[in-house]
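Participant: Before I ask anything, let me first share the structure, which is written out below as C-alpha cells.
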Amino acid sequence: MKKKSNGIVRFFKGIFRVFDKFLITPITKFFIRITDFVKDNSKGAEKFLNNKQTLIVLSLIFALGVFYVVDQNSNAIINQSAEILYNQPVTAEYNEEAYVIEGLPETVDITLIGRSSDIYLAKQYPTNEVSVDLRDLKPGSHTVTLNYRQALSSISYKLDPSTATIMVYEKVSETKELTYDILHRDSLDSKLTISSVTLDRNDVIIKGAEYKLEQVATVKALIDIDNISNQTTGDITLKDVQLVAYDASGKIVDVEIVPETVTATLKIESPSKELPVEIVPVGNIAFGKAISSLTANTTSIVVYGDQETLNSMDTFPVEIDVENLDQDKEFNINLKNPTGIRDMSVKTILVKLEMEDSTTREIEGVSITANNLGEGLRAQASTEQDNQVTVIVTGSASVIDNLDTSTITASVDLSGLGPGEYDVEVTVTGTDLKLSYESKVRTVHIIITETG
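Start counting at 1 in the sequence shown, then tack on 804, and there's your number in this note's numbering.
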C-alpha cells in the first residue's frame, strides 16, 4: 500500500516539475522583469510584486489562462468540418403573371462550414432556403446573386453556383387548339378498341416568352392507356390528363399551359366478326395428282379489329404450301393477325389434305363478264362464240362430280380501254380451291363503243 502511495506522489511531482519548468518558472521570470521595471515607479507595487506568494499565484493564473486559450483554439480547429447539401431548390421572387425568367438554376449545392455540432443543428432547421429577389428587374439580361437563409450564424456557407445570368422576358399569351395522343396503345386489351375520344375542352391558353410561343405548333393531351384500371367496353373517364406543347418537329416546348390538365372520355368497344375459314392451296401439286379433300379442325374464326377492316372481310384465308406435293399431308399452321386485326379466337389451325389421281372435265357455255369498263362506254362480243367460253376443270374425280358449275366465273378486264376493237385475255375462277380452272380459248374479241 505504501509503495502505491509513493508511486502516486512521484506521478504528481513529475507533473508539477513539468508545469514548473515550462510555465511557472518562465512566467515568474516575466513578472520579476515587470517588478524590476516598476521598482523605480511605485514602492507599493514593488512590495506587492516582491511577495513570493503573489508571484506564484499570478504565474499560476496566467498559465491557466494561456492553457485555456490554446485549448479553445485547438478544439475549434479540430472540430471544424464541412458538409455539402446537394440539389437544394432555388426560389425566385418576381411577378409570375407579367414576366418569364430563363437561366435561373433550379437547384444549387450548399457547403456548410463550422463545428460539427453546429452543422448538425443547422441541418435540422427547415430554413435551408436559397432565394433570389427579381422583383425590381426589367426585361433583359441580368447577373443576380443567390442568397442562403442560414439557420445558425455560427456557421459559414458557400453556394455552387452563387450567381446566375438570367433573361427576363415579358409574358404573353395565346389560344391554341387542343388535340390528343394515346400512349401505350399496346397495353389495351387486344379485343378492345378506342372508337372515340372526347376532351372536356377544345382549346387551351399558352403563356410564355413571345419567341417560345412562336415555336409551339400543337398542344396535345397525353392519354395513357396504363391509367385505365378496368379495361372493359363502355365510356371510361380519365381525369388530370397531362398537356404538353410541341414544336413542328415534335420536340417539347417549355411554356405554361392553362389549364395544366384536362378530362378525357374514351369510348371503348369490342368490334368482332365471325369468318368462315378458307383453305387456300399455294403452288402446283405433282403432275397427275389432285386434292380430293381439305379439312380443318375449325371451320370459323372470330376476329377482333376496327370496324372498317371487319367490313372488308368475308372469309379468313389460310394458305398451305402444296408445291410438288404428291401424297396426303397434315399442316399445323400458326395464324398471323391480318392487317387491321388485333386478336383472333383461334391462334393455330390443323389442316388435313388428301390426294387422288387427277382427271379433267370440260364445262361449256360459261358466260363472260366485262369488268372495269369506263363510264359512258358499252362492250359487246364481236361474235356469239366470244360471248361464252369452255372451261377445263382439273382435279380429283370425286370433287369434279360434285362441282356446282354456277360457281365458275369467266371475265375480261377492260380497264383503260376506250372505243375500239380488242382481243382481251379471259380469266377463269372458281370457288372450290381444290380444283384448277382454265379457259379453252385464251382471248376473245371485244368491241367497245360509246353509249348514245
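Just so you know, even glycine gets a beta-carbon here, dropped at the ideal spot from N, CA and C.
Which residues bound the beta strand (DSSP E) around Ser-1202?
Facilitator: Unbroken run through Ser-1202 is the alpha helix (DSSP H), 1201-1205; no beta strand (DSSP E).
Participant: From Tyr-1108 to Ala-1013, what distance separates their C-alpha atoms?
Facilitator: 48 Å
Participant: Which value, in whole angstroms, describes the spacing of the CA atoms of Lys-995 and Thr-1099?
Facilitator: 28 Å
Participant: For Ser-935, which beta-bridge partners are listed by DSSP?
Facilitator: Thr-895, Asn-951
Participant: Could you check where the beta strand (DSSP E) with Ala-926 kicks off and where it finishes?
Facilitator: From DSSP, Ala-926 is part of no beta strand (DSSP E) but of the alpha helix (DSSP H) over 920-928.
Participant: Among all the DSSP beta bridges, which residues are the ones paired with Thr-1002?
Facilitator: Thr-1069
Participant: For Arg-756, which of helix, strand or coil comes out of DSSP?
Facilitator: Coverage of the chain is limited to positions 805 through 1256, which leaves residue 756 absent and any answer about it impossible.
Participant: Are the stretch 1134-1144 and the stretch 1197-1217 touching, with three or more C-beta to C-beta distances below 8 Å?
Facilitator: They do not touch, by the three-pair rule.
Participant: Could you tell me which residues DSSP pairs with Tyr-1241 in its beta bridges?
Facilitator: Val-1197
Participant: Once the 5 residues before and after Asp-1110 are set aside, which same chain residues still bring their CB inside 7 Å of it?
Facilitator: Thr-997, Pro-1075, Gly-1144
Participant: At the level of alpha carbons, what is the spacing between Leu-1177 and Thr-1187?
Facilitator: Their backbone Cα atoms lie some 19 Å apart in a straight line.
Participant: Within its chain, find whatever has a CB closer than 8 Å to the CB of Ala-968; leave out the 5 residues flanking it on each side and keep chain order.
Facilitator: The answer, listed in chain order, is Gly-907, Leu-908, Pro-909, Val-936, Thr-947, Val-948, Leu-950.
Participant: Starting from Glu-1018, trace the alpha helix (DSSP H) both ways and give me its first and last residue.
Facilitator: Element bounds for Glu-1018: 1014-1019.
Participant: Return the Cβ separation of Asp-913 and Tyr-898 in integer angstroms, given the expectation that the two are a contact with Cβ distance under 8 Å.
Facilitator: That pair is no contact at about 23 Å.
Participant: Do the CB positions of Val-1126 and Pro-1085 come within less than 8 Å of each other?
Facilitator: yes
Participant: When you compare only the Cα positions, how much space is there between Val-1062 and Val-1008?
Facilitator: About 6 Å.
Participant: May I ask you to report which of helix, strand or coil DSSP gives Glu-1064?
Facilitator: The three-state reading of DSSP puts Glu-1064 in coil, since its state is none of H, G, I, E or B.
Participant: Say the cut is 7 Å; is the CB of Thr-1041 nearer than that to a heavy atom of the ligand MG?
Facilitator: This structure does not include the ligand MG; it has no bound ligands of any sort.
Participant: Short check: CB of Asn-1175 to CB of Asp-1217, under 8 Å?
Facilitator: yes
Participant: Quick check on Tyr-1241: buried or exposed, where buried means 16 or more other Cβ atoms within 10 Å of its Cβ?
Facilitator: buried
Participant: Assuming Leu-1239 and Gly-1199 form a contact by the criterion Cβ under 8 Å, report the distance between their Cβ atoms to the nearest whole angstrom.
Facilitator: Your pair Leu-1239 and Gly-1199 checks out as a contact, with CB atoms roughly 4 Å apart and the cut at 8 Å.
Participant: Is the stretch 1013-1025 in contact with the stretch 976-984, if contact means three or more CB pairs nearer than 8 Å?
Facilitator: yes
Participant: Here's the rule I'm using: 16 or more other beta-carbon atoms within 10 Å means buried, otherwise exposed. How should Ala-1094 be labelled?
Facilitator: buried
Participant: Just to confirm my understanding: we take Arg-1246, look at its own chain, exclude 5 residues before and 5 after, and list those with CB closer than 7 Å. What are they?
Facilitator: Result list for Arg-1246: Glu-1229, Val-1230, in chain order.
Participant: Using C-beta distances below 8 Å, list every residue in its chain close to Asp-1039, excluding the 5 sequence neighbours before and after it, in chain order.
Facilitator: Excluding positions up to five away in sequence, the list reads Thr-1069, Leu-1070, Lys-1071, Ile-1072.
Participant: Between the alpha carbons of Gly-944 and Tyr-903, how many angstroms are there, rounded?
Facilitator: Inter-residue distance for Gly-944 and Tyr-903 is about 11 Å (C-alpha atoms, whole angstroms).
Participant: My guess is that Val-1057 and Leu-1003 are in contact by the Cβ rule of under 8 Å, so how many angstroms apart are they, rounded?
Facilitator: Contact doesn't hold; Cβ gap of about 20 Å is too wide.
Participant: Beta-carbon within less than 8 Å of Gly-1222's beta-carbon, same chain only, minus the 5 sequence neighbours each way: which residues are those?
Facilitator: Gly-1178, Leu-1181, Ile-1252
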